[in-house]
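Student: Below is one structure. I have some questions about it.
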Amino acid sequence: MTTLRYLNGYPTELIARVQQLSDRGQLATWVEKKYPGQHSIQDDKSLYQYVGGLKQRYLKNAPALSKVMFDNKQNPVKGTLGTNTFVSRVQGGKLKSNNEIRIATLFRDGPEEFLKMIVVHELAHLKEKDHNKAFYQLCCHMEPDYHQLEFDMRIWLNFRDLK
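Under UniProt numbering, residue 163 is the last one in the sequence shown; the count climbs by one each step, no gaps.
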């Protein structure tokens with residue numbers, strides 16, 4: 001029996017069902033059937049364009065992004081799959097602000113649905129800094145299946161650990 005560390009906090013009956021799939025050796029089949037293939041967003045430039053498109057569609061009035069990139073320092077074991085950084089600096093008599101989004105490099109090789117879910121999460125932080133009700137409503141506005149995708153992504157992370 002393996003530990004499904006990315007599912008902590010979920011109801012025990014859900015964890016038990018995933019554990020059964022894992023114990024029977026069917027977790028890989030389930031993940032690959034539900035999320036076949038890989039996306040074509042493989043570099044920082046295409047990631048920036050992808051994020052920019054989602055931002056333009058859903059958050060036109062949100063602050064501009066200065067940088068979007070894949071980051072190999074983001075690690076699910078440490079609890080970070082992506083980060084949104086806001087930095088303000090005084091330059092001369094002006095206040096300059098930069099918004100950066102960094103996405104864990106492991107999402108280069110994952111399904112596009114999981115990449116979109118992480119991007120939506122980080123974009124929502126442009127409007128809502130805390131993980132509150134308004135934050136999750138905004139996530140669900142941009143991606144209606146947000147909560148299911150987050151759960152499935154956690155299963156996928158466990159699957160990756162087992163490989």
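Each residue gets a CB set at the ideal place from its N, CA and C atoms; glycine is no exception. This structure is a prediction, so every number in the text was calculated from the model and none was measured.
1. Buried or exposed for Glu143, going by 16 or more other Cβ atoms inside 10 Å?
2. Going by C-alpha to C-alpha distance, which of Gly37, Gly25, Leu21 sits closest to Phe114?
3. Taking only three categories from DSSP, how would you classify Asn98?
4. Could you pull the start and end residues of the alpha helix (DSSP H) that Lys33 belongs to?
5. Specify the secondary structure class of Gly9 as computed by DSSP and reduced to three states.
6. According to DSSP, simplified to helix, strand and coil, what is Lys45?
7. How many whole angstroms separate the CB atoms of Ile41 and Asp71, which I take to be in contact at a CB cut-off of 8 angstroms?
8. Return the chain-ordered list of same chain residues with a C-beta closer than 6 angstroms to the C-beta of Arg154, the five sequence neighbours on each side being excluded.
9. Is Lys116 helix, strand or coil by DSSP?
10. Can you tell me whether Asn84 is helix, strand or coil according to DSSP?
11. So, with DSSP's three-state summary, where would you put Lys55?
12. Taking all protein chains shown into account, do 16 or more other C-beta atoms lie within 10 angstroms of the C-beta of Tyr35, making it buried, or fewer, making it exposed?
13. Hey, quick one: how far does the alpha helix (DSSP H) through Phe159 stretch, first residue to last?
14. Indicate whether the contact test is met: 3 or more Cβ pairs, each with one atom in the stretch 127-147 and one in the stretch 90-98, closer than 8 angstroms.
15. Contact defined as beta carbons within less than 8 angstroms: I believe Asn84 pairs with His125. What is the distance between those atoms, to the nearest angstrom?
16. For Asp109, which residues from the same chain have a beta carbon less than 8 angstroms from its beta carbon, with the 5 sequence-adjacent residues on both sides left out?
Tutor: Considering the structure as presented:
1. Counted from its first residue, the sequence shown places residue 143 at position 143. With 16 or more other Cβ atoms within 10 Å, it is buried.
2. Taking the first residue of the sequence shown as 1, we reach residue 114 at position 114. Closest option to Phe114, Cα to Cα, is Gly37.
3. Counting from one through the sequence shown, the residue named residue 98 turns up at place 98. Note: Asn98 maps to strand in three-state DSSP.
4. Counting from 1 along the sequence shown, the entry for residue 33 is found at position 33. 27-34 is the span of the alpha helix (DSSP H), which, as asked, contains Lys33.
5. In the sequence shown, the residue the question calls residue 9 occupies position 9. Three-state result, Gly9: coil.
6. Position 45 of the sequence shown, counted from the start, is the residue given in the question as residue 45. DSSP places Lys45 in helix when its eight states are reduced to three.
7. As a working note, residue 41 is residue 41 in the sequence shown. As a working note, residue 71 is residue 71 in the sequence shown. About 14 angstroms separates the two Cβ atoms, so there is no contact after all.
8. Numbered from 1 along the sequence shown, position 154 holds the residue referred to as residue 154. Here the set comprises Tyr6, Leu7.
9. Stepping through the sequence shown from its first residue, residue 116 is reached at position 116. DSSP places Lys116 in helix when its eight states are reduced to three.
10. Numbered from its first residue, the sequence shown carries residue 84 at position 84. Residue state, collapsed to three classes: strand.
11. Taking the sequence shown and counting its residues from 1, one reaches residue 55 at position 55. Reduced to three states, the DSSP call for Lys55 is helix.
12. In the sequence shown, counting from the first residue as 1, residue 35 sits at position 35. It counts as buried.
13. Indexing the sequence shown from 1 puts residue 159 at position 159. 146-162 is the span of the alpha helix (DSSP H), which, as asked, contains Phe159.
14. no
15. As a working note, residue 84 is residue 84 in the sequence shown. As a working note, residue 125 is residue 125 in the sequence shown. Correct: roughly 4 angstroms between the Cβ atoms.
16. For the purposes of this step, residue 109 is taken as the residue at position 109 of the sequence shown. Excluding residues within five positions, the ones whose Cβ falls inside 8 angstroms are Gln38.
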